[in-house]
Amino acid sequence: MTAISVSHLKKHFNIYRKTAGILATIKSIFVRKNEVVKAVDDISFEINQGELVGFIGPNGAGKTTTLKCLSGLLYPTKGKISVLGYTPYDRKYNFLKKISLVMGQKNQLWWDLPANETFRLNKEIYEMKNCDYQNNLDELSTLLEVKDLIDIPVRRLSLGQRMKMELIAALLHRPNVLFLDEPTIGLDVVMQKKMRDFIAYYNKQYKSTIILTSHYMVDVKQLCKRVIIIDKGKILYDGDLEQLVKKYADKKIISVVFEKNIDEKKLSSLGQIKSYKFPKLVLNVERSKSKYIAGQLLEKFPIEDFTIEDPEVDDVIRQVFKEANK
Amino acid sequence: MLRYLRIWWFMSIASMQIFFVSRIGAVLFLTGKILRFILYMGFLIILVSKTKILAGYDLWQVMLFYLTFNLIDSLTQMLFREVYRFRQQIVGGNFDLLLVKPFNILFRVLFGWTDILDFLTLIPFIFMISFIISKLSHVTILGIFFYIILIINAFMIALSFHVIVLALAILTTEIDHTIMIYRDITGMGKFPVDIYKEPLRSAITFIIPVGIMMTFPVKSLLGVLSLGTIILSITIGILIFSGSILIWRYALRQYSSASS
Amino acid sequence: MKKYLLVTSLSLQEYFVYRLNFILWRVRVVVSILISYFLWSTVYQNTKVIFGYGQSQMLTYILLTIFINGIVLSTQTSRVAEEINRGSLSNFLVRPIDYFSYNLSRDMADKIVNTFFSVFEFIILLLILNPPVVLQTNMYLLLLFALTAILASILYFEISMLLSFIGFWSHETWAPRFLFFIIVAFLAGNYFPLDIVPSPIFKILEMLPFTYLVFFPLKIYLGKVSTFFIIKGIITTGIWIVLLYPIMKWVWIRGLKTYTAVGQ
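Chains as they are written, first to last, in this note's numbering: chain H, 5 to 330; chain D, 25 to 284; chain X, 8 to 271.
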């Protein structure tokens with residue numbers, strides 16, 4: 005069942021250019037150069053209920069803009085959007101009750117009061133039944149391990165704890181569609197993993213549709229089966245992540261740990277040296293030759309440890325961007 | 025000494041450049057202050073023209089009190105604008121960065137953001153005050169001399185209060201309201217403190233010396249202040265100043281011994 | 008409906024958290040009233056009646072401004088401009104909650120707390136200063152006083168929201184509001200009853216909405232007003248309320264269009 009349908013979405017912004025200096029300032033009172041930034045430039049995709057999709061792309065690619073269009077915060081310059089059968093921009097209450105938007109650093113919690121006050125308010129805003137509210141709250145706060153923190157003023161909590169509270173506040177009403185904009189930004193490594201685990205669990209358990217934007221590869225790798233790669237407002241790739249890796253993985257990566265120091269010149273004939281710092285060597289070799297090269301290495305050199313891997317997702321995506329920019 | 029003057033000049037120029045970035049804001053602020061001054065003065069003129077005297081002073085004298093208050097108040101606000109940003113610096117940790125610089129920290133947090141724009145408003149005040157003085161009868165050179173001395177004294181007291189406010193900010197991080205309360209209480213000096221009933225009058229003459237700051241300069245100009253009172257005022261000014269420096273030093277000691 | 012009551016409740020709780028802050032704010036309010044009070048007190052040392060006001064009337068007027076300010080001019084709508092600028096507005100747009108009602112609910116909390124304290128302060132000032140005051144006993148006038156005060160709050164809400172919408176088009180939000188406060192303080196009659204100004208100026212003031220925020224309700228309380236004056240005033244207030252409502256809504260919609268929910 006289609007949850008989200010986007011058709012030829014375009015979102016353009018007008019920005020004004022002004023050079024520095026007093027003369028330019030005075031001139032700018034009369035004349036300003038108008039420039040159109042195409043944040044989103046004709047994208048289309050469909051997402052089914054229950055999918056967990058990752059939007060990846062560099063800063064300024066258009067990920068956040070797309071998310072904001074989907075949640076009704078921005079109205080499209082052109083194109084059609086349908087989320088759960090509604091037009092987001094109408095911002096109908098029935099639509100808003102079914103979605104949730106979490107933007108990295110932006111809080112909806114009342115800063116000076118305990119989190120549970122904000123939760124109570126959300127209960128009323130989303131018109132939840134008492135039992136649903138209590139159940140959801142208990143479950144979420146237990147899962148995120150913050151059950152005994154919900155009556156402490158928010159400003160006394162650490163960043164990680166606050167993020168968890170934000171998440172609870174966003175999920176209390178069991179939204180059908182969840183938009184997560186850079187949910188792991190600013191968190192430490194341990195928190196990031198916890199966040200990812202939680203999102204994965206939530207998606208599996210409640211079959212809610214989740215769209216996640218991130219520029220951390222590791223988020224995407226762990227969570228998303230399907231990725232949409234955006235750059236400069238256009239979709240570069242929309243599909244299975246593994247397929248993507250395979251498609252662009254005409255290379256394999258061989259990592260070797262040597263017993264003895266080997267002259268670099270002897271190694272350069274084997275393949276492209278990505279890095280060589282004794283005792284570790286990382287080589288890029290073509291997929292077809294990888295078996296042969298592997299054999300050569302093991303035969304000719306004293307080796308302590310040896311691995312062959314597919315290229316990193318990061319590298320793959322970097323390559324996708326490079327090719328798109330050619 | 026010269027080095028400090030140069031650095032102060034640079035900081036002021038920097039604050040002026042910020043003016044060009046948020047020029048509309050700065051202009052609106054200025055407009056607001058000018059408007060408030062003009063409207064209130066208009067009100068005073070309407071009022072005292074009708075009543076002929078206020079607490080024994082005629083219209084010109086009342087205006088002189090009002091203008092002197094504005095002069096001192098504008099001067100202090102102009103020079104000490106940085107104090108209003110102080111809370112930011114303490115809470116944001118910027119203060120530590122300032123402490124490690126080879127530059128007197130007190131000078132930096134007092135004078136770091138002088139508002140050159142406010143300086144423009146001083147000039148009309150000085151003109152208006154001079155004009156009124158010329159209109160008054162029995163004004164002596166000595167009177168004018170003491171007038172200026174006591175204005176400098178007022179400035180010194182204002183300086184001391186700002187230092188105390190800064191010290192309190194370090195000790196308690198509460199500053200926004202302390203500084204505004206200072207402004208409100210000194211605001212009582214826009215009229216001669218004679219209008220206030222005892223014991224309030226004594227309180228604001230000697231305890232929080234608004235009277236010494238705002239009323240006494242004009243009174244000395246008008247010749248109604250005894251030499252003894254003038255000397256007392258200056259002594260109190262010096263005492264308050266020394267006290268404020270002591271409190272500041274104490275606060276700094278407390279700060280560096282506390283963890284973040 | 009319940010959600011908005013909860014908003015008021017939460018807002019009230021915030022005051023409790025910032026109680027020191029709030030107490031200091033009330034101290035400031037009282038100090039500024041004292042200046043006006045003593046000024047007029049001194050004036051009446053030499054005159055019995057001035058500008059048509061006797062001592063008790065003028066002093067009552069000045070002291071009651073604290074109370075009226077609590078009801079009419081207490082607002083949190085100045086936060087709207089900041090919420091727009093910071094992008095926090097997005098939090099409201101993605102939720103099924105009406106931003107206007109939300110602000111009204113927040114304002115209720117502000118008005119409740121400030122009015123409550125103002126009554127308290129008024130009584131204390133009465134006890135300490137012991138001024139001659141006018142205690143209005145005419146029920147009719149008291150009801151009108153209450154009515155005009157409520158109308159004034161609605162009017163001020165609209166004006167203040169409109170001012171806050173500047174946030175859609177400018178990063179300068181505090182400076183315009185600063186200027187606005189100064190203008191309102193004078194034109195609403197916070198420093199002096201507006202009819203002491205020369206007649207032609209007063210005629211202009213009567214057409215502006217600000218007159219009906221503080222001066223008009225207080226004048227009714229003091230009594231000695233003609234029915235014509237009352238009716239004219241209420242109608243003018245009504246006209247302004249009705250006029251500003253669609254303008255407010257229109258600017259809001261235009262503003263939303265421009266609003267690009269600011270990213271990180």
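A virtual CB, placed ideally from N, CA and C, is assigned to each residue, including glycine.
query	result
Mind checking if X:E21 is an interface residue toward chain H, Cβ cutoff 7 Å exclusive?	yes
Any Cβ of chain X within less than 7 Å of the Cβ of H:Q112?	yes
Cβ of X:I104 less than 7 Å from any chain H Cβ?	yes
May I ask you to list the residues that DSSP assigns as paired with H:L184?	H:V106 and H:L216
Would H:I277 and H:F305 be called neighbours here (beta carbons separated by less than 7 Å)?	no
Look at the Cβ atom of H:D244, then the Cβ atom of H:I232, and state whether they are nearer than 7 Å.	no
Below 7 Å between beta carbons: does that hold for H:L71 and H:F183?	yes
Going by beta-carbon coordinates alone, are D:A17 and D:F110 separated by less than 7 Å?	Look at the range of chain D in this structure, 25 to 284, and you will see that residue 17 of chain D is not part of it.
Considering only DSSP beta bridges, list what H:L13 is partnered with.	H:I47
Could you tell me the distance, in whole angstroms, from the CA atom of H:V324 to the CA atom of H:L77?	30 Å
Can X:F199 and X:F129 be called in contact, C-beta distance under 7 Å?	no
Assuming X:D105 and X:T82 make a contact with CB atoms under 8 Å, what is their CB distance in whole Å?	Actually they are not in contact, since the Cβ atoms of X:D105 and X:T82 sit about 17 Å apart, beyond 8 Å.
Where D:I231 and D:V133 are concerned, what is the direct C-alpha to C-alpha distance, given to the nearest angstrom?	26 Å
CB-CB under 7 Å to H:T91, same chain, minus the five flanking residues each way: which ones, in chain order?	I85
From X:A65 to X:N53, what does the alpha carbon distance come to, in whole angstroms?	Here residue 65 of chain X turns out to be Met, not Ala, going by the sequence shown. If you take the alpha carbons of X:M65 and X:N53, they lie about 14 Å apart.
Look at the Cβ atom of H:G58, then the Cβ atom of H:L216, and state whether they are nearer than 7 Å.	yes
Does the region 58 to 71 of chain D come within contact of the region 182 to 189 of chain D, defined as at least 3 CB pairs closer than 8 Å?	no
If the cut is a Cβ gap below 8 Å, which residues of chain X does D:L52 touch?	E179, A182, P183, F185 and L186
Is it buried or exposed, X:R184, if we count other Cβ atoms within 10 angstroms and call 16 or more buried?	buried
Thinking H:L333 and H:V260 are a contact (beta carbons under 8 Å), I'd like their distance in whole angstroms, please.	With chain H represented from 5 up to 330, any question about residue 333 of chain H goes unanswered, as that position is not in the structure.
Mind listing the chain X neighbours of D:M35? Cutoff is C-beta to C-beta under 8 Å, in chain order.	Neighbours of D:M35 on chain X: none; closest Cβ ~22 Å, over 8 Å.
Should H:V106 be labelled buried (16 or more other beta-carbon atoms within 10 Å of its own) or exposed?	buried
Helix, strand or coil: how does DSSP classify D:L29 here?	helix
Mind pulling the chain H residues with CB within less than 8 Å of X:V120?	Per Cβ cutoff of 8 Å: no residues; X:V120 is ~15 Å from chain H at best.
Quick one: using the 10 Å Cβ neighbour count with 16 as the cut-off for buried, is H:I321 buried or exposed?	buried
Locate the beta strand (DSSP E) running through X:I203, then write down its first and last residues.	Here X:I203 belongs to no beta strand (DSSP E), and DSSP marks it neither H nor E.
Looking at C-alpha atoms only, which residue of D:G235, D:T196, D:I168 and D:R273 is the closest neighbour of D:S244?	D:I168
Any beta carbon of chain X sitting closer than 7 Å to that of H:Y93?	no
Assuming X:L80 contacts X:Y163 under a Cβ cut-off of 8 Å, what Cβ separation, rounded to an integer in Å, is found between them?	6 Å
Kindly indicate the opening and closing residues of the beta strand (DSSP E) around H:I239.	K238 to D244
Go through its chain and collect everything with a Cβ distance to D:T145's Cβ below 6 Å, but skip five positions before and after it.	S98
One question on the structure: do X:S171 and X:T265 come within less than 7 Å of each other, judged by their Cβ atoms?	no
Starting from H:S205, trace the alpha helix (DSSP H) in both directions and tell me its first and last residue.	For clarity, residue 205 of chain H is Tyr in the given sequence; the question names Ser instead. Start and end: V193 to Y210.
I want to see whether chain D comes within less than 7 Å of X:R35, judged by CB atoms only; does it?	yes
Have a look at H:D318 and H:M221 and give me their C-alpha separation to the nearest angstrom.	6 Å
Would you please verify whether the beta carbon of D:T75 is less than 7 Å from any beta carbon of chain X?	yes
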